[in-house]
Structures are given as C-alpha cells and as structure tokens.
Amino acid sequence: MSPNAQAATVPRAPRPRLSRPRSCLATGVSAGLARHLGWPVGVVRAAFIGLSLLSGMGILLYLWLWAFLPFDPATGDAEADTVTRRAPVAWGLVAGSAVAAGAAIVFAPYDYYDAWSVDRVLAPILAAIVLAVSASFWATFVDRTDPERGQRTERLVRAAATIVLGVLVIAVFLGPLAAWRSLYVLLVGVALLLGIALVFAPVLLRLWRELGAERTRRIREEQRSEIAAHLHDSVLQTLALIQNRAGASSEVARIARAQERELRSWLFEADTPADSDLATDLRDWAAALELDYPVRVDIVTVGESGERASGEIAAAAREAMLNAARHAGGEVSVYIEGTADAVEVYVRDRGPGFTVADVAADRLGVRESIIGRMRRAGGSATVRPGAGGSGTEVRLRSAARTAARGQNGVSADAAEVRVPDTQNPQHQNPRHQNPQHQHQNPRK
1 MSPNAQAATV PRAPRPRLSR PRSCLATGVS AGLARHLGWP VGVVRAAFIG
51 LSLLSGMGIL LYLWLWAFLP FDPATGDAEA DTVTRRAPVA WGLVAGSAVA
101 AGAAIVFAPY DYYDAWSVDR VLAPILAAIV LAVSASFWAT FVDRTDPERG
151 QRTERLVRAA ATIVLGVLVI AVFLGPLAAW RSLYVLLVGV ALLLGIALVF
201 APVLLRLWRE LGAERTRRIR EEQRSEIAAH LHDSVLQTLA LIQNRAGASS
251 EVARIARAQE RELRSWLFEA DTPADSDLAT DLRDWAAALE LDYPVRVDIV
301 TVGESGERAS GEIAAAAREA MLNAARHAGG EVSVYIEGTA DAVEVYVRDR
351 GPGFTVADVA ADRLGVRESI IGRMRRAGGS ATVRPGAGGS GTEVRLRSAA
401 RTAARGQNGV SADAAEVRVP DTQNPQHQNP RHQNPQHQHQ NPRK
C-alpha cells in the first residue's frame, strides 16, 4: 500500500467545538473561531478588521457571533468556569470616546457654514456618545461579574464616561461649539443629554429589577405569613393534638409528627438557605429517624456553635440519637449548648438504663463510634444512666477552642451505648435499619 493510501485511511481528528473560551482577550469570538478552524488567532482578527472595511460587514459578523456563540461547557471547577477577560474593554471604549470628543472640539472653530466642517464635528460627537454609552453598558453587564474588576470598575467607568460627555455639553453651550447655528447646537445638546441618560440607564434598569424582585418577595412573604397563621391555628394544632393523644411510640403519632415537621419546614424555612451547621444537621437526622422509628426527637439549641455538620461531635451525636431511637423509642431529648470555649450535646432517652458494670467487655461498637471518635478529636464522651436507673444520657463535649488538641480524655464512667458496631454513622441512613428489639437492653 502506498504512503498516500495509508495517509488516506488515517481518520482525521474531530474539529473542535465552535464555542468561546472562558479565558479570553475581550469576547473570545476570534479565539473560538480560530480554534474551530485551526487558524492562528491573529489571522482571524485581521480578517474581521478587513471585512469591517467593507461597509461594516466584519463588525456585523463579529456582533452576530458574539451574540450566538456560547462559552465552553462548564467543567465543575469554579475557578476554571469563571469568565475572565484580559483586555480592559470598558476603559478602551472610554478612551475612544474621549478621543472623539477631543476631535469634535478641535474641528469646531472651522467655518460652520461649510458642510464638510459640519460632518467633521457631528461625526466625532456621535461617536463619543456611542462609545461612552457602550462603555457604561459593558461595565454594568460584563465587567460587573468579572472577579478581577467588579463594581468598582463599573462605577469608575460610568464616572469617566459622564465626564467626557459633560465636557462636550459645556463645549456645545459655552465653548467652541457655541458659535454654531442654533439648530445644530440644540440637536447636539439633546443628543449629549440623551447619551448621559443612557450612560446611567443600566444602573436604573438594575435598580428597577431589584425593586421589582423585592416587591415580589415581600408579597410572597405576606401571603406565606397569612397561610402560616391560618394553618397554625388549624392544621398544626390538630397534628399536635393527635401526637399528644396517640402517644410518642404509636404509628399515628409518628406520621403526625412527620407531617407537622414537613409543614413547618415549608411554611417557615422554604426561603432560608440550609446551613450545614450542627443544629441543622441534627434536626434533619431527627426527621429521618422519626420516619423509620416510633420515636419523637425534640432538639433544643442554646447559644451559638461554630461546629459544622461534618465534625466529629456531629457524627457522635447522630450515633447516639440512632441508639436511642432503635433501643429506647418513645421520647428522645437532644440539647445543644454552644459557649465561647466548647460545644456540648446531650442525648437523653427514657428507655432502660444501665451501668458500666453491666456492659460486657467484648462490646466495642460505640467505644469506637462515640467514645473513641470524641477522644481522637480531642473532646470527651460520657455515657451514664439517668436518675433512678431509668433512661440513658450521652454527653458529648468538643475540644476546647483555647486548649491544645488531645488533652481531653474520656470520662472514667464512660460506657458503651446500646447499638451494634456501626462503621460509618455519618453516611448511615436510618431507614435502611431493621428496628428489631426496640426495647431490648443490649447489655444482656
């Protein structure tokens, strides 16, 4: 087979997608088109400039591609997906507007009865207006979202564009352009004032949208408040009455509790972003437990805690709550107290309690899931029976923020909690558990 035939059988590489790169000089049109065609980007830019000399065809083609060519697909990396531009386009437009305004002032002393002189003055004035307005729109809708520029660049560009047009207004009414015929002065003055108004048009448009969004949000909040008040006086009180009459361990109370929690979440937390803090995480975990176990979990939070949902104390608290739901049932109380030094979590149930002497020596489940985890994190964990031997209390304390890590140990009376070994309670879903022997004492 000849070399030409072998070359013909080699498949050609697919042509790159026609899109704009997210890191570009100005708009990415030339770079994206050059990448798609396999040409040098300088050749593509020169082609646009050459076509622009043919009745502006290059400008129209460039604007059309800018409007319809998308950016490269997102990769999931926030830094790589951010659109960045190396060229200060807005400042370039302001500079062009200033040059055009200067040209209009320079050509103004010529004979204003000469038609050529009129064109030499009006054309730069119109160019200055168009460039100043374009700079304002670019700074508002493009540079505002650029992490390297932002709102500061937007305000500075708008101020510079306003100064350029303001100088032209002074020149029209008081400077060299004031000697022109009154009709031209009037038209030019109106055009300049309109240009100044257009410079601030993006700001006014954004303010109008923000006011509309705020008004819509306020109307929705008022409607939500009215619905919440009505449902609180009827449905929520009925669900609470069902829970009290049925008992915490009954199936009816469990369903009513779940419906009440969902309804309260929709009424009062629908517009609130979910924070991954300790209290929010334990509330979500309690809701999941109540769906799968005959238990009612009440969570009380006091103070502010800086603990995150991914912390060790959160994992240990979830394990303790799962223990109480599986083996005690009924009512479970979770108390979270945040101080300036540490965070403490108490998990109390009303099931059969036990002492350290009753725990078999080979029970290692929660010695690692709760006690060992808190020890490795520099905190402490205590498991003890309630008053009179009824119920169990698990006390978790995070490491002191001002103390060195690893100095806090485990209390001497720390005991094993009543649950088999759980490898990863952070990702354990309680609805995959089989709630057997709900009231069985695990130390037997």
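For the sequence shown, position 375 (counting from the first letter as 1) is numbered 375 according to the UniProt record's numbering, and the numbering increases by one without interruption.
The beta carbon of each residue, even a glycine, is placed where N, CA and C say it ideally should be.
With respect to the alpha helix (DSSP H) encompassing I170, which residues constitute its N-terminal and C-terminal limits?
It spans Q151 to F173 - the alpha helix (DSSP H) in which I170 sits, taken as one unbroken run.
Using three-state DSSP, classify D281 as helix, strand or coil.
helix
Using DSSP with H/G/I as helix, E/B as strand and the rest coil, what is D146?
coil
Compare the beta carbon distance of R348 and P294 with 8 Å and say whether it is the shorter of the two.
no
Would DSSP call F200 helix, strand or coil?
Taken through DSSP and simplified to helix, strand or coil, F200 comes out as coil.
Thinking C-alpha only, which one of G195, T140 and R152 is nearest V164?
G195
Considering just the uninterrupted stretch of the alpha helix (DSSP H) at T238, what are its terminal residues?
Q237 to A246
At what residues does the alpha helix (DSSP H) containing Y62 begin and finish?
M57 to F68
Check for me: the alpha helix (DSSP H) holding R373 runs from which residue to which?
R373 to R376 is the extent of the alpha helix (DSSP H) around R373.
Give every residue of the same chain whose Cβ lies closer than 6 Å to the Cβ of R20, excluding the five residues on either side of it in the sequence, and list them in chain order.
G28, G32, L69 and F71
Go ahead and label T339 buried or exposed: buried means 16 or more other beta carbons lie within 10 angstroms of its beta carbon, across all protein chains shown.
exposed
Are the beta-carbon atoms of R318 and E331 separated by less than 8 Å?
no
If you follow the alpha helix (DSSP H) that R318 is part of, which residue opens it and which one closes it?
E312 to N323
Enumerate in chain order the residues of its own chain whose CB-to-CB distance from P202 is below 7 Å, with the five nearest sequence positions on each side excluded.
For P202, same chain residues with a beta-carbon under 7 Å away, outside a window of 5 residues either side, are S136, F137, T140 and F141 in chain order.
Determine, using beta carbons only, whether F48 and G56 come nearer to each other than 8 Å.
Pairing F48 with G56 gives a Cβ-Cβ distance that is not under 8 Å.
If you draw a straight line from the C-alpha of A74 to the C-alpha of V343, how long is it?
A74 and V343: Cα-Cα distance of roughly 40 Å.
Take T153 as the anchor and find which of A128, L192, V94 and I105 has the nearest alpha-carbon.
By alpha-carbon distance to T153, the top candidate from A128, L192, V94 and I105 is V94.
Quick one: is W285 buried, meaning 16 or more other Cβ sit within 10 Å of its Cβ, or exposed?
buried
Which same chain residues, not among the five before or five after V302, have their C-beta less than 6 Å away from its C-beta?
E337
Just curious, the beta strand (DSSP E) that R35 is in, first and last residue?
R35 -> not in any beta strand (DSSP E); alpha helix (DSSP H) instead, spanning V29 to L37.
To the nearest whole angstrom, what separates the beta carbons of L207 and L236, a pair I think is in contact under 8 Å?
The Cβ separation is near 39 Å, so there is no contact.
Going by Cα to Cα distance, which pick from R218, A228, R261 and A229 is closest to L239?
R261
My output table needs one value for P385: the three-state DSSP class, helix, strand or coil.
Three-state DSSP puts P385 in a strand.
Would you mind stating whether A127 and A100 have Cβ atoms separated by less than 8 Å?
yes
Answer with buried or exposed for G329, where buried requires no fewer than 16 other C-beta atoms within 10 angstroms of its C-beta.
Buried is the call here.
Measure the alpha-carbon distance for W266 versus S225 and round it to whole angstroms.
For W266 and S225, the distance between alpha carbons rounds to 12 Å.
Could you compute how far the alpha carbon of D146 sits from the alpha carbon of I370?
47 Å
In whole angstroms, give me the CA-to-CA distance for A123 and A104.
8 Å
Would you identify the three-state DSSP class for S234, choosing helix, strand or coil?
helix
Please report the distance separating the alpha-carbon of Y346 from that of L278.
Taking the CA atoms as reference points, Y346 sits about 13 Å from L278.
Rounding to the nearest angstrom, what Cα-Cα distance links R17 and T216 in this structure?
If you take the alpha carbons of R17 and T216, they lie about 41 Å apart.
Can you grab the Cα-Cα spacing for the pair D341 / L231, in whole Å?
41 Å
In whole angstroms, what separates the C-alpha of R373 from that of E312?
7 Å
Using C-beta distances below 7 Å, list every residue in its chain close to E148, excluding the 5 sequence neighbours before and after it, in chain order.
T84
According to DSSP, I336 sits in a beta bridge with which residue or residues?
Checking the DSSP bridge columns, you'll see I336 partnered with T301 and V345.
Going straight from the alpha carbon of A314 to that of W91, what length do you get?
Those two C-alpha atoms are separated by around 51 Å.
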